[in-house]
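Line by line, the protein sequences give chains W and U.
Taking this note's numbering, I'd label the letters of the first sequence as residues 1 to 354.
Taking this note's numbering, I'd label the letters of the second sequence as residues 355 to 618.
In what follows, a single structure is set out as structure tokens and then discussed.
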Amino acid sequence: MEIVCFGLSHHTAPVELRERFAIPETHAGEVATRLKAAPGVQEAVVVSTCNRVEFYIAADDHRAGVAAVQEFLAERIGDADAEHFFQHPTAASIRHLFRVAGGLDSMILGETEILGQVKKAYAAAAEAGATSKHLNKLFQRAFNVAKEVRTKTNITRGAVSVGSVAVELAERIFGRLASCKVMILGAGETSELTAGALHSRGVRSIFVANRSYDRAAALAAKMSGTALHFEDWPHQFRDVDILIGSTSAPHHVLTAEQLIPVMRTRADRPLFCIDLAVPRDIDPAVNDLDGVYLYDIDSLQKIADDSMNVRRQELVVCEEMIERHAQEFGQWLASGWTGAPQGFAPAVSGGLKS
Amino acid sequence: MDRLLLIASTFCFLFGFAYTMHALGARVYRPSRLNFFALLAGFGLQTAFLYVRGERVGRCPLTSIFEVLIFLAWAMVLFYLLIGPAYRLSLLGLFTSPLVFLLQIGALLGLKDLPTRTKIPPNAWMELHAAISVVAYGAFALACVAGVMYLAQERQLKTHHIHSFFYHLPPIRDLAVANRRLIVTGFMLLTVGIFAGLMIGNLQSHAVKIAWSIGVWLLYGGIFALSKGHRLSPRRAAWMSVGAFTAVLLTLSGITFIEDAVSY
Chain W
1 MEIVCFGLSH
11 HTAPVELRER
21 FAIPETHAGE
31 VATRLKAAPG
41 VQEAVVVSTC
51 NRVEFYIAAD
61 DHRAGVAAVQ
71 EFLAERIGDA
81 DAEHFFQHPT
91 AASIRHLFRV
101 AGGLDSMILG
111 ETEILGQVKK
121 AYAAAAEAGA
131 TSKHLNKLFQ
141 RAFNVAKEVR
151 TKTNITRGAV
161 SVGSVAVELA
171 ERIFGRLASC
181 KVMILGAGET
191 SELTAGALHS
201 RGVRSIFVAN
211 RSYDRAAALA
221 AKMSGTALHF
231 EDWPHQFRDV
241 DILIGSTSAP
251 HHVLTAEQLI
261 PVMRTRADRP
271 LFCIDLAVPR
281 DIDPAVNDLD
291 GVYLYDIDSL
301 QKIADDSMNV
311 RRQELVVCEE
321 MIERHAQEFG
331 QWLASGWTGA
341 PQGFAPAVSG
351 GLKS
Chain U
355 MDRLLLIAST
365 FCFLFGFAYT
375 MHALGARVYR
385 PSRLNFFALL
395 AGFGLQTAFL
405 YVRGERVGRC
415 PLTSIFEVLI
425 FLAWAMVLFY
435 LLIGPAYRLS
445 LLGLFTSPLV
455 FLLQIGALLG
465 LKDLPTRTKI
475 PPNAWMELHA
485 AISVVAYGAF
495 ALACVAGVMY
505 LAQERQLKTH
515 HIHSFFYHLP
525 PIRDLAVANR
535 RLIVTGFMLL
545 TVGIFAGLMI
555 GNLQSHAVKI
565 AWSIGVWLLY
575 GGIFALSKGH
585 RLSPRRAAWM
595 SVGAFTAVLL
605 TLSGITFIED
615 AVSY
């Protein structure tokens with residue numbers, strides 16, 4: 001019995017090709033069952049996300065597993081461009097699945113969404129009856145390894161995009177964001193993304209001020225916010241907790257002199273200023289005021305870059321962890337599938353539910 | 355017997371402190387129940403020590419600097435257990451553990467501990483004054499801890515140098531609120547404590563200590579009044595709570611020495 005991983009990913013194929021081979025989530029179980037019925041194939045799981053389409057096969061031998069997938073693809077898609085596909089033998093397949101589940105093979109290193117996608121793919125195959133003891137144990141182990149990688153290293157630490165850094169900082173300053181009031185000056189794309197990220201974390205009160213009132217109204221409508229005429233923003237500003245500046249004004253829209261009297265009335269309430277504009281909307285001197293925290297686009301990007309560097313540094317530790325688990329699992333396979341694999345903790349049912 | 359309880363509780367705080375430091379060193383610190391339970395166990399053993407010691411000396415165990423320091427450490431842990439989980443300030447435990455550990459190890463190794471059953475009959479005002487005052491200083495100590503955390507977090511936010519440790523600090527707004535509430539609580543308790551002290555009588559023989567206590571009361575009263583009227587920014591309140599408690603610690607032993615010298 002061998003385990004084969006056959007497929008393509010963002011490393012090997014452009015999006016135009018990946019979308020041709022993508023298998024809808026609702027069909028994943030059905031496809032796995034079909035592959036299982038191929039000669040020499042015992043079990044199958046199909047993992048299909050926007051970044052990868054991968055087939056995990058437990059087969060009598062490597063060639064039978066690859067042939068089953070190739071035949072399926074040829075039938076379904078027609079000419080499959082072989083150079084974009086990869087295929088791994090047993091040991092490499094195990095390692096690859098552990099890396100994928102742990103987010104090490106993802107486009108954004110350390111992202112956690114992939115684990116849920118792999119869990120769903122496995123659940124679909126298991127429900128369709130396409131898995132048995134080999135892939136059950138392999139995927140269960142992959143979920144445990146992913147959990148270990150996430151909890152024992154910093155691979156998921158910190159935010160790695162400007163929007164998520166802004167949200168993380170806001171949570172560090174205010175705690176829960178539900179009661180925070182956000183004001184957006186200038187309805188640009190980046191400010192919309194940042195405000196959207198804050199909205200998704202619970203911010204309910206959003207004001208949008210823009211020179212073009214229609215654009216302000218359109219953006220406000222997307223986030224159930226309130227549109228303001230640009231001249232009116234200083235009147236609404238006093239109660240705001242988070243200010244996002246992204247106008248195209250050639251000068252500072254908010255200065256320290258304007259802010260000093262406002263801050264005197266705010267008691268313990270800090271003010272988080274996110275300046276996404278170039279030239280900058282907010283005078284850098286406001287960062288010197290007590291209770292005011294100003295971040296411009298460069299400082300947010302630097303924090304995102306630093307987080308990504310931390311993740312890259314953690315990669316070595318994660319790879320060692322995965323290699324150790326892959327070898328243990330490989331040894332268990334070689335021993336004839338008897339007993340439970342070394343270091344195995346059966347925590348999968350909870351993982352599947354999540 | 356009672357010292358054994360104290361030594362065991364000191365080990366609990368050392369364990370909580372060491373565990374957290376190790377986790378921070380490995381850069382994967384996450385607020386853990388282990389630290390919380392270490393503090394809880396330490397608190398239980400401290401309480402047992404104070405009970406046994408109280409039985410032994412026949413009064414509230416505040417008869418020496420040694421006992422005062424232990425009572426202060428107990429009050430700090432009490433406040434942590436009361437406000438830490440409530441305000442999601444779990445990391446307060448990280449800063450509380452070393453302070454409590456240092457207080458207790460300092461008391462155990464550096465101070466004489468010769469408990470004797472006093473012949474003077476217990477005075478209710480005296481006991482109330484001593485106990486309430488020490489609990490007030492526990493609140494001030496924890497306000498100082500919250501202040502240090504506030505300043506550490508504020509520095510990172512202002513300079514944009516975000517350390518991985520930053521992600522485990524409580525929100526800065528919560529720290530500002532906790533700092534202010536602890537100062538208010540401590541000030542109220544100290545007011546009651548000083549009132550009880552004035553009711554003891556024989557004020558002339560404790561003139562130095564009374565003057566010092568009133569000085570501390572005025573110091574915290576000033577911080578309280580300024581923050582009450584929102585004329586004090588959270589940053590200044592944090593600095594003042596750190597400065598005031600440091601001043602209290604630095605002058606406490608000197609005042610005790612002068613008081614003893616005067617009484618002789």
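All C-beta atoms in this analysis are idealised placements derived from N, C-alpha and C, irrespective of residue type, glycine included.
Can you check DSSP and say which residues form a bridge with residue i?
i	result
U/R509	Answer by DSSP bridge pairing: none, since U/R509 is not bridged.
W/Q87	W/F6
W/Y56	W/C5, W/V45
W/N210	W/H229
W/I244	W/I184, W/I274
W/S205	W/K181
W/L254	W/I282
Closer than 8 Å by C-beta to residue i: which residues in its own chain qualify, once you throw out the five before and the five after it? Chain order, please.
i	result
W/C212	This sequence places Ser at residue 212 of chain W; Cys is not what is there. So the list reads A187, once near-sequence residues are dropped.
U/V406	M355, D356, L359
W/D306	G158
Counting only the same chain and skipping the five closest in sequence on each side, list residues whose C-beta sits under 7 Å from that of residue i.
i	result
W/S335	none
W/S161	A304
U/V538	F578
W/V41	L35, I57, A59, A64, G65, A68
W/R204	A178
U/L416	V422, F425, A484, A485, V488
Given residue i, which residues of its chain have a CB within under 6 Å of its CB, disregarding the five upstream and five downstream residues?
i	result
W/I303	V165
W/I114	G103, S106
W/R150	T156
U/F403	D356, L359, L360
W/P270	I173, G291
W/A44	A32, L35, K36, I57, A130
W/L109	R311
U/Q507	L523, I526
W/G202	L177, A178
W/D283	H252, T255, A256
U/M480	I554
U/F455	F367, L368, F371
W/R95	A326
Determine, using beta carbons only, whether residue i comes closer than 8 Å to chain U.
i	result
W/P368	Chain W is shown from 1 up to 354; residue 368 of chain W falls before or after that span and cannot be answered.
W/G163	no
W/D281	no
W/E171	yes
W/N136	no
W/N287	yes
W/G350	Its pLDDT being 36, under 50, W/G350 is placed unreliably in this model, and the value from its coordinates should be taken loosely. No - not a single Cβ of chain U is within 8 Å of the one on W/G350.
Any C-beta of chain W sitting closer than 8 Å to the C-beta of residue i?
i	result
U/K466	no
U/K512	yes
U/S451	no
U/I437	no
U/I516	yes
Heavy atom of the ligand FAD less than 7 Å from the Cβ of residue i, yes or no?
i	result
W/F207	Within the structure as shown, the ligand FAD is missing, as the structure has no ligands at all.
_Length at least 4, wholly inside the stretch 138-190 of chain W: the alpha helix (DSSP H) runs in chain order_ = 162-174
*Using a Cβ-Cβ cut-off of less than 8 Å, give me the residues of the stretch 174-188 of chain W that come near chain U, in sequence order.*
The stretch 174-188 of chain W vs chain U, Cβ under 8 Å: F174, G175.
*Quick one: which unbroken beta strand (DSSP E) runs of 3-plus residues sit fully inside the stretch 258-310 of chain W? Chain order, please.*
271-275, 292-296
_Give me the subset of the stretch 524-540 of chain U whose CB atoms are less than 9 Å from a CB atom of chain W, sorted by chain position._
P524, P525, I526, R527, D528, A530, V531, R534
*Taking only beta carbons into account, state which residues of the stretch 403-419 of chain U come closer than 7 Å to chain W, listed in chain order.*
none
*Residues of the stretch 290-303 of chain W whose Cβ lies closer than 8 Å to any Cβ of chain U, in chain order*: D290, G291, Y293, Y295, S299, K302, I303
*Contact list for the stretch 585-607 of chain U against chain W, Cβ threshold 8 Å*: S587, P588, R589, R590
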